[in-house]
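What follows is a set of notes on a single structure, which appears directly below.
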Amino acid sequence: MPDDNSFPFVLKVCSDYHKVWEGQGVHGLVYKMGFDSDVFGNTLLRFYDECSGVNDADKVFDKTSERYSFLVNLLINFLILTDSLSATCHFSVPDQFRSKSKIFRGKNFDQAMVTRTIDLRSDTVTKPTETMRLAMAKAEVDDDVLIYDPTARHLETEMARITGKEAALFVPSGTMGNLISVLVHCEIRGSEVILGNNSHIHIYENGGISTIGGVHPRPVKNNEDGTMDINLIESAIRNPDFEICYPKTRLICLENSHANSGGRVLSVDYTDQVGELAKKHNLKLHIDGARIFNASVALGVPVHRLVQAADSVSVCLSKGLGAPVGSVIVGTKSFIDRARILRKTLGGGMRQVGILCAAALVALQENVGKLGNDHKNAKTLAEGLNKIKGLKADVASVETNIVYFEILEGSNITALKLGKILEEHGILLMPDSSSRVRIVIHHQVSASDVQYTLSCIKQAMTGVENGGN
Ligand SMILES: Cc1ncc(COP(=O)(O)O)c(C=O)c1O
């Protein structure tokens, strides 16, 4: 296991701070301090270059130099002046500074230690922004079970408009959104739904459509791009002539983007074809659109067009969009009327839910425009990972915000171990198996974070190669 010094971006500032910075570059210092700002990083870099006359930012500082202590001083003063230490590396603060800063005042050293975390486990981990919190605090609310909550109405109207459907309903989660949708389309017990064998509904939703809804799943093989072959879907539709034995097919489910396929997107053309097939056989089409905005941005197609063929769509607000809680289902007015009753049955009728919907409205306004950037960061990450010895990422398959990468055989490290090493450097990711890792980018991961992550992964892989782990 390498010690702290073998990683490039370790900062320790403590009472004898002029001695203790163990980092090796200004960028690292800035990442670790969590300013999440290239501007600040670049300013410091320029400052460093100008002061020291050294252009290579990754050169080790001469810790005895005046410039070095001046820079460390500058940073500490920056923290104190801004009082904006939302996140940073482990550090302790000298007494004389502690008393001046709101952040540190009254805290002992241990409490003053804050850790900046780059959380790549999922896009569900985002924290509500200040604007969301403000909107939540000021939200107009009323009893939503009685359909009086104005902010919930506002969100639902907006979501119906964006998706091009008649009506919408706020639900507590994507899982409940899918369950309610399947149950509305398959009200008669023993109905059958055709869905992907690698779909979220089939794998990760506790089999709720069967255990709660009495709906029988008919899984069809998902291709690597998240599609199911149209001819396979068609041949999975039950022949009504043999209803003495067969359950009745009532619904087809698609997932866009397709999470387990690494966020691959289903095209308009493909979705329309499945819609046509559903119509031909008098079936309904539901789309698990937990990340439909990611798909829409990646394809450059408006959401309403992408889901035009669907009878219902479940859209997560708490994934790429970055709202803290909730999903919305959309469909015809009669579908939503029925869904509202089922939501109550399932315990998902909530009262002053406008508090949550207010944050979702901010997410729609502020975060849809950031998804393209998330996709760019995901691509950069995949490209960088692919260049690291012992790792493989399929760059071409990174279409949205999800990146899977493999640890190649003979690399002498497991995904779990890699995760543990990175955690010590403030990076969280999700091992998918012993040799596969999943990373999900969201709006609270910056381009700098991606570079820092790549740098730490590279260092960890070099460490194992040299027998260090
Ligand atoms: C594709 C997909 N559908 C549905 C869900 C369920 O959403 P929730 O976690 O809000 O229940 C998820 C959650 O990750 C998902 O990735």
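All you need for the numbering used here is the position in the sequence shown, starting with 1, plus 806.
Each residue gets a CB set at the ideal place from its N, CA and C atoms; glycine is no exception.
Exercise. Helix, strand or coil for Arg1056, going by three-state DSSP, please let me know.
Key: Of the three classes helix, strand and coil, the one that applies to Arg1056 here is strand, per DSSP.
Quiz item: Closest to Thr957 by CA distance: which of Gly1106, Val1026, Leu1162 and Gly1154 is it?
Solution: When each option's Cα is compared against that of Thr957, the closest is Leu1162.
Self-check item: Val1276 vs Ser928 beta-carbon contact at 7 Å
Solution: This structure gives no information on residue 1276, because the portion of the chain shown stretches from 807 to 1275.
Quiz item: Which term fits Asp1143, buried or exposed, when burial requires 16 or more other beta carbons within 10 angstroms of its beta carbon?
Solution: exposed
Quiz item: Cα separation between His1064 and Arg1070?
Solution: In this structure, the CA atom of His1064 is about 5 Å from the CA atom of Arg1070.
Practice problem: Starting from Arg780, trace the beta strand (DSSP E) both ways and give me its first and last residue. | Solution: No answer is possible for residue 780: it lies beyond the span of the chain, which begins at 807 and ends at 1275.
Quiz item: Is the beta carbon of Glu1030 within less than 6 Å of some heavy atom of ligand 1?
Solution: no
Exercise. Please look up how many angstroms separate the CB atoms of His1022 and Pro1046, rounded, as I've assumed it's under 8 Å.
Key: About 15 Å separates the two Cβ atoms, so there is no contact after all.
Quiz prompt | Start and end residues, beta strand (DSSP E) containing Ala973 | solution = Ala973 to Val977
Quiz prompt | For Ser1241, the three-state DSSP class (helix, strand or coil) | solution = coil
Quiz item: Is Cys1262 helix, strand or coil when you go by DSSP?
Solution: helix
Quiz item: Cβ of Ala1169 within 7 Å of Cβ of Ala945?
Solution: no
Quiz item: In whole angstroms, what separates the C-alpha of Ile1093 from that of Leu1060?
Solution: 5 Å
Quiz item: Residues in its own chain within less than 7 Å of Asn1218 by CB, not counting five upstream and five downstream?
Solution: Val1270
Quiz item: By Cβ distance, which residues of its chain are closer than 7 Å to Lys1264, with the 5 residues on each side in sequence left out?
Solution: Ile1194
Practice problem: Pull up the distance between the alpha-carbon of Pro1237 and that of Val1131, whole angstroms please. | Solution: 24 Å
Exercise. Select from Leu1105, Ser1241, Asn1012 and Glu998 the residue whose C-alpha is nearest the C-alpha of Ile1039.
Key: Glu998
Practice problem: Kindly list the residues whose CB is nearer than 6 Å to the CB of Asp1078, restricted to its own chain and excluding five residues on each side of it in sequence; keep chain order. | Solution: Ala1115
Quiz item: At what residue ranges does the region 1031 to 1090 contain a whole run of the alpha helix (DSSP H), taking only runs of 4 or more?
Solution: 1036 to 1042 and 1074 to 1086
Quiz item: Roughly how many angstroms separate the alpha carbons of Ser1140 and Leu1148, rounded to a whole number?
Solution: 13 Å
Exercise. Please name the residue, chosen from His1249, Val1107, Glu1049 and Leu952, that lies closest to Thr932 on a Cα-to-Cα basis.
Key: Looking at the Cα atoms, His1249 is the closest of the given residues.
Practice problem: With a floor of 4 residues, list each alpha helix (DSSP H) that falls wholly inside the region 1138 to 1201, ordered by position along the chain. | Solution: 1139 to 1151, 1160 to 1172 and 1177 to 1192
Self-check item: Residues near Asp955 by beta carbon distance below 7 Å, same chain, minus five either side
Solution: Val947, Asp948, Asp949, Gln1158, Val1159 and Gly1160
Quiz item: Which of the three DSSP states, helix, strand or coil, is assigned to Val1109?
Solution: helix
Quiz item: Which word fits Leu1214, buried or exposed, when buried means at least 16 other C-beta atoms lie within 10 angstroms of its C-beta?
Solution: exposed
Quiz prompt | C-beta contact flag for Asn1207 and Asn1100 at 7 Å | solution = yes
Quiz item: Between which two residues does the alpha helix (DSSP H) containing Gly1014 stretch?
Solution: Gly1014 to Thr1017
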